[in-house]
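Undergrad:
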Amino acid sequence: MEYECLKEKRVNVKEERNGRWKLRDADWDYFREVVSNEDWKLGENGLRAERGVDEMNERLLRKLNKVAEESIGRTSKRANGRTMKSWWNNEIDKARKERKQSNRKCRSLRKNRSNSEAERIEYERAWEEYKSKQKEVKCLVRKARVNEERKVIRELREKGEEGGREWYKFLRGEESKHTGNVEELVVNGRSLREKKEMARAVEDFWKDIGGVNEPDSDLGNVTLGRKIEEMMDEEIRMDEIEGYVRKLKNGKAPGMDGIPNELYREGGEGVIEGMHELFDIYGERKGCLVPGMTVE
Numbered sequence: 002m003e004y005e006c007l008k009e010k011r012v013n014v015k016e017e018r019n020g021r022w023k024l025r026d027a028d029w030d031y032f033r034e035v036v037s038n039e040d041w042k043l044g045e046n047g048l049r050a051e052r053g054v055d056e057m058n059e060r061l062l063r064k065l066n067k068v069a070e071e072s073i074g075r076t077s078k079r080a081n082g083r084t085m086k087s088w089w090n091n092e093i094d095k096a097r098k099e100r101k102q103s104n105r106k107c108r109s110l111r112k113n114r115s116n117s118e119a120e121r122i123e124y125e126r127a128w129e130e131y132k133s134k135q136k137e138v139k140c141l142v143r144k145a146r147v148n149e150e151r152k153v154i155r156e157l158r159e160k161g162e163e164g165g166r167e168w169y170k171f172l173r174g175e176e177s178k179h180t181g182n183v184e185e186l187v188v189n190g191r192s193l194r195e196k197k198e199m200a201r202a203v204e205d206f207w208k209d210i211g212g213v214n215e216p217d218s219d220l221g222n223v224t225l226g227r228k229i230e231e232m233m234d235e236e237i238r239m240d241e242i243e244g245y246v247r248k249l250k251n252g253k254a255p256g257m258d259g260i261p262n263e264l265y266r267e268g269g270e271g272v273i274e275g276m277h278e279l280f281d282i283y284g285e286r287k288g289c290l291v292p293g294m295t296v297e
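Read in order, the letters of the sequence shown are residues 2 to 297 in the numbering used here.
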């Protein structure tokens, strides 16, 4: 008896993504000026009664995206979908095209180089030209990257302690995606290097806080006090939203709404006003807000 396992073929669909926001080089004064010129009123009472919370939330996000596109912009992409590097310039692009032309010429002459002495000499000249173009491109790229790094260092020095996270990213390298494997754990002053010991220590940690295979009933009941329950029924004030937005940290990945924390923080009174109105609508009607902001 023979068995055959059949698997369903999956079709990979490439998702079109926008480039990243140019937050590092953003002119926040101009951004706030554009925000102040925008009408952040989401709708009058009649319009608010007709539309749901989700629709009004989308309207706020569209406004914020529109302002950011106009004043900050996103990184551009090449035809192959790759993001353009910040140090890339027209001089490098032109030199690379010339290098490709030299490469094509060299390959076309290579197959006939053994036919005659003249064709061999022509091929060697083409090969030297190609090597020269290759060195030129490498030199231009190296020079452009050095200038870009100097610019970043100068900007980080101006930021001082506030640019701590940016310093860390710069030292790791902007394109670094992996921080490396954990090679050592220190538990109560004792160093652990064996994988089994480290795994056991991590498991014990989660057991101590009730996070591994523990039913919810074992974690106890949490009851809100009467005063807190009364506060939850009160309307959300503008100063509460402003205080929360001030706690948002820069350099965090955007949430489900695709808006980075920097846009909320630097948006000023206009964005706060739009958010306040949205929370008012949320109190009047049922709906679901997109959890986009993260403090920690």
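Using N, Cα and C, we set each Cβ at its ideal position, and we do this for glycine too.
My output table needs one value for R201: the three-state DSSP class, helix, strand or coil.
TA: By one-based count along the sequence shown, residue 201 stands at place 200. Here R201 sits in helix by DSSP.
Undergrad: In the DSSP assignment, what are the bridge partners of S192?
TA: Translated into positions along the sequence shown, residue 192 becomes position 191. Answer by DSSP bridge pairing, in chain order: V187.
Undergrad: Should W29 and R75 be called a contact, given that it needs their Cβ atoms to be closer than 8 Å?
TA: Within the sequence shown, the letter at position 28 stands for residue 29. Within the sequence shown, the letter at position 74 stands for residue 75. For W29 and R75, no; Cβs fall outside 8 Å.
Undergrad: Helix, strand or coil for W22? Go by DSSP, reduced to three states.
TA: The residue labelled residue 22 in the question sits at position 21 within the sequence shown. Three-state result, W22: strand.
Undergrad: Hey, V36 and V246 are a contact pair by Cβ (cut 8 Å); roughly how many whole angstroms apart?
TA: Here residue 36 refers to the residue found at position 35 when the sequence shown is read from its first residue. Here residue 246 refers to the residue found at position 245 when the sequence shown is read from its first residue. At roughly 13 Å, the Cβ-Cβ gap does not stay under 8 Å, so V36 and V246 are not in contact.
Undergrad: Say whether the region 119 to 130 touches the region 139 to 146, bearing in mind that this needs 3 or more beta-carbon pairs closer than 8 Å, one atom from each stretch.
TA: Too few Cβ pairs lie closer than 8 Å, so no.
Undergrad: Check whether the Cβ atoms of E92 and V68 sit closer than 8 Å, and answer yes or no.
TA: By 1-based counting over the sequence shown, the position of residue 92 is 91. By 1-based counting over the sequence shown, the position of residue 68 is 67. For E92 and V68, no; Cβs fall outside 8 Å.
Undergrad: Have a look at R266, K132, R238 and A27 and flag the residue whose alpha-carbon is nearest the alpha-carbon of E278.
TA: Translated into the one-based positions of the sequence shown, residue 278 becomes position 277. Checking every option, the nearest Cα to that of E278 belongs to R238.
Undergrad: Are L24 and D258 closer than 8 Å when you measure CB to CB?
TA: As a first step, residue 24 must be located in the sequence shown, where it is residue number 23. As a first step, residue 258 must be located in the sequence shown, where it is residue number 257. Against a cut-off of 8 Å, the Cβ pair of D258 and L24 comes out as no contact.
Undergrad: Helix or strand or just coil, what does DSSP make of R75?
TA: As a first step, residue 75 is located in the sequence shown; it is residue number 74 there, counting from the start. Of the three classes helix, strand and coil, the one that applies to R75 here is strand, per DSSP.
Undergrad: Under three-state DSSP, which class holds L249?
TA: Residue numbering aside, residue 249 sits at position 248 when the sequence shown is read from its first letter. Coil, per DSSP.
Undergrad: Under 8 Å, do E149 and W88 count as touching if we go by C-beta distance?
TA: Numbered from its first residue, the sequence shown carries residue 149 at position 148. Numbered from its first residue, the sequence shown carries residue 88 at position 87. Contact: yes.
Undergrad: Are the CB atoms of R114 and R121 within a distance shorter than 8 Å?
TA: On the sequence shown, residue 121 is found 120 positions in, with the first residue counted as 1. On the sequence shown, residue 114 is found 113 positions in, with the first residue counted as 1. Yes, the pair counts as a contact, with Cβ atoms nearer than the cut-off.
Undergrad: Quick check on S72: buried or exposed, where buried means 16 or more other Cβ atoms within 10 Å of its Cβ?
TA: Start at 1 with the first residue of the sequence shown, and residue 72 comes out as number 71. So S72 counts as buried.
Undergrad: Rounded to whole angstroms, what's the CA-CA distance from E118 to K152? Just pull it up for me.
TA: If you number the sequence shown from 1, residue 118 lands on position 117. If you number the sequence shown from 1, residue 152 lands on position 151. Distance between the alpha carbons of E118 and K152 is about 52 Å.
Undergrad: Measure the C-alpha to C-alpha separation of F32 and R60 and round it to an integer number of angstroms.
TA: Within the sequence shown, the letter at position 31 stands for residue 32. Within the sequence shown, the letter at position 59 stands for residue 60. Between F32 and R60, the C-alpha separation is close to 19 Å.
Undergrad: Within its chain, find whatever has a CB closer than 6 Å to the CB of D281; leave out the 5 residues flanking it on each side and keep chain order.
TA: If you number the sequence shown from 1, residue 281 lands on position 280. Excluding residues within five positions, none has a Cβ falling inside 6 Å.
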